[in-house]
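Chains as they are written, first to last, in the working numbering: chain L, 1 to 204; chain G, 205 to 432. The block underneath contains the structure these notes are about, expressed in structure tokens.
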Amino acid sequence: MAVDEGLKIELGKQGVFVTTLQELYNWGRRSSVWPMNFGLACCAIEMIATTMARYDLARFGAEVFRPSPRQADMMIISGTVTKKMAPQVVRLYNQMAEPRYVIAMGACAISGGPFKQGYNVLKGIDRYIPVDIHIPGCPPRPEALLEAFMALQKKIDAQPLTGEGRPRHLDADAPGEFPVPAQGEHDLEPAANKNVWTVPVVIR
Amino acid sequence: MKTLEEIQAAIEAAVPGAGVEIVPNPAPSGEHSLRLKPETAVEVATFLRDDGELALDYLSNVTGVDWPDKEIAEKVKVTRAVTKTVDGVEQTAEETVEETRKRVEPGFLEVVYHLFSMARSHGPVVLRMRTGNRSDRVDLPSLTPVWRSAEFQEREIFDLYGVVFKGHPDLRRILMWDGFKDHPMRRDYVAPDDFEYEPTPHDEVLARAQAHRAAQQAAAAAQEGTGQ
Ligand code: SF4
């Protein structure tokens with residue numbers, strides 16, 4: 001049930017705190033997102049800077065970088081995903097706790113970046129796993145990562161607990177396991193997960 | 205340091221029948237190199253390392269080069285006999301004509317070693333070795349037993365160029381995965397077509413981009429077909 005914002009503030013002045021279960025629940029979720037301790041290339045250095053005192057990701061409740069995917073619910077793809085590494089990234093994502101979120105950080109994670117025409121680099125991690133937030137840049141500055149994190153918090157905040165768009169752990173139909181690509185003779189097989197990514201057709 | 209000719213002579217004296225050739229480098233740097241015969245390469249390398257005067261104890265770099273088959277067009281002058289009728293009398297005359305002949309120079313793979321001496325602070329001395337061809341005679345002796353630092357770089361050349369180093373202690377792919385079949389640094393390698401081309405390609409890239417777009421549109425159309 002929605003509470004009128006003005007009334008809420010008015011009541012707050014009188015010392016009465018009004019909220020909804022959804023708001024409380026999402027406030028808790030968004031204030032303690034635990035990222036996975038996992039860096040891939042040069043972008044990881046900016047991610048590390050973001051967690052340090054100057055930029056201080058701890059202000060947003062996300063300072064606990066967990067070394068195990070079982071304890072983490074956010075994955076920051078911070079850098080170049082090589083085709084050799086891609087199956088491991090998908091496997092780690094599969095092992096994370098629901099509801100899990102993915103931030104694709106930097107040009108490489110989004111599209112292959114400067115290595116786009118290389119034989120060995122995956123052209124964007126969204127070919128295999130769903131990505132919530134993309135941050136452009138090479139590398140994105142820590143401020144950009146903070147911005148992305150705030151955008152993710154807004155996204156979590158806006159998720160209803162029932163019905164369409166509810167978080168994945170409350171949705172029994174949401175796929176929990178994403179197929180791990182195999183390393184084939186010439187390329188990864190399949191080259192993309194058809195359920196999360198289709199070839200974008202460029203209209204000219 | 206000794207000149208390359210002196211080194212060549214020293215090698216010849218130490219390893220009879222080494223068959224070391226000097227490969228000149230026409231660039232301004234003039235960094236000429238020594239081409240070793242695969243059969244005697246390990247012996248020669250050991251000599252270069254252990255010789256008191258050369259003492260090439262530090263291998264700084266190993267790299268590969270791919271030389272694809274080359275088609276060479278040559279103009280050759282050919283003389284042939286022509287029969288002509290001059291004043292009602294048949295005469296045979298010699299005539300010179302220019303002819304263009306094409307021949308294919310077979311390609312090969314090449315491995316290049318850069319050596320320095322820490323003990324005597326000189327270098328570099330550049331060594332080369334060539335394989336027989338690019339398909340089935342790609343064996344070369346490994347110089348890892350002589351210079352340990354060659355190990356990973358020879359693995360990389362094996363991975364990216366497909367040179368098989370005999371005598372290497374642990375010859376596996378190092379950058380690509382084990383099941384991978386191609387050698388991406390070869391000139392004729394075709395990478396998987398899985399990226400968007402830049403918006404303004406030209407020349408050769410334009411042709412590739414157009415083929416890519418056509419294939420992509422066909423794939424998208426096929427996808428729509430199955431989706432509905
Ligand atoms: S986007 Fe740029 S900075 Fe980030 S991993 Fe790629 S190359 Fe490095």
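Even glycine gets a Cβ: it sits at the ideal position worked out from N, Cα and C.
Quick one: which unbroken alpha helix (DSSP H) runs of 4-plus residues sit fully inside the segment 263 to 334 of chain G? Chain order, please. none
Contacts that residue 117 of chain L makes with chain G (C-beta to C-beta distance below 7 Å): 399
Lining residues of the ligand SF4 - beta-carbon closer than 6 Å to any non-hydrogen atom, in sequence order: L:41, L:42, L:43, L:79, L:80, L:106, L:107, L:108, L:113, L:114, L:138, L:139
Taking CB distances under 8 Å as the criterion, tell me whether residue 362 of chain G reaches chain L. no
Put residue 357 of chain G into one of helix, strand or coil per three-state DSSP. helix
Taking the C-alpha atoms as reference points, what is the distance between residue 348 of chain G and residue 373 of chain G? 8 Å
Please go through the segment 90 to 127 of chain L and give each complete beta strand (DSSP E) segment of 3 or more residues, from N-terminal end onward. 101 to 105
Of all the alpha helix (DSSP H) runs that stay within the bounds of the segment 131 to 167 of chain L, which reach a length of 4 or more residues? 142 to 157
In this structure, does DSSP put residue 375 of chain G in helix, strand or coil? coil
Check the Cβ of residue 383 of chain G against every Cβ in chain L and list those closer than 9 Å, keeping chain order. 182, 183, 184, 185
Counting only the same chain and skipping the five closest in sequence on each side, list residues whose C-beta sits under 8 Å from that of residue 177 of chain G. This structure gives no information on residue 177 of chain G, because the portion of chain G shown stretches from 205 to 432.
For the beta strand (DSSP E) containing residue 225 of chain G, list its first residue and its last residue. 225 to 227
Say the cut is 7 Å; is the CB of residue 96 of chain L nearer than that to a heavy atom of the ligand NAP? The model on display carries the ligand SF4 but not the ligand NAP.
Contacts around residue 324 of chain G, its chain only, beta-carbon distance under 7 Å, and the 5 residues preceding and following it disregarded: 259
What is the C-beta distance between residue 129 of chain L and residue 103 of chain L, in whole angstroms, given that I count them as a contact (C-beta under 8 Å)? The pair is not a contact, with the Cβ atoms about 12 Å apart (cut-off 8 Å).
Sequence-distant residues of its chain with Cβ nearer than 6 Å to residue 139 of chain L (five each side left out): 42, 43, 46, 106
As a quick exercise: from G:401, G:422, G:218, pick the residue whose alpha carbon is nearest that of residue 113 of chain L. G:401
Contact list for residue 405 of chain G against chain L, beta-carbon separation under 7 Å: Chain L residues near residue 405 of chain G: none, gap ~11 Å exceeds 7 Å.
Within 10 angstroms of the Cβ of residue 432 of chain G, are there 16 or more other Cβ atoms? Answer buried if so, exposed if not. Note on residue 432 of chain G: pLDDT 48, under 50, position unreliable in the model; the coordinate value appears next. Residue 432 of chain G comes out exposed.
Is it the case that the Cβ atoms of residue 383 of chain G and residue 185 of chain L are separated by a distance below 8 Å? yes
How long is the line joining the alpha carbons of residue 168 of chain L and residue 141 of chain L, rounded to whole angstroms? 30 Å
Closer than 8 Å is the cut-off here; do at least three beta carbon pairs connect the segment 141 to 160 of chain L with the segment 16 to 30 of chain L? yes
Counting only Cβ-Cβ distances shorter than 7 Å, please list the residues of the segment 123 to 152 of chain L near chain G, keeping chain order. 123
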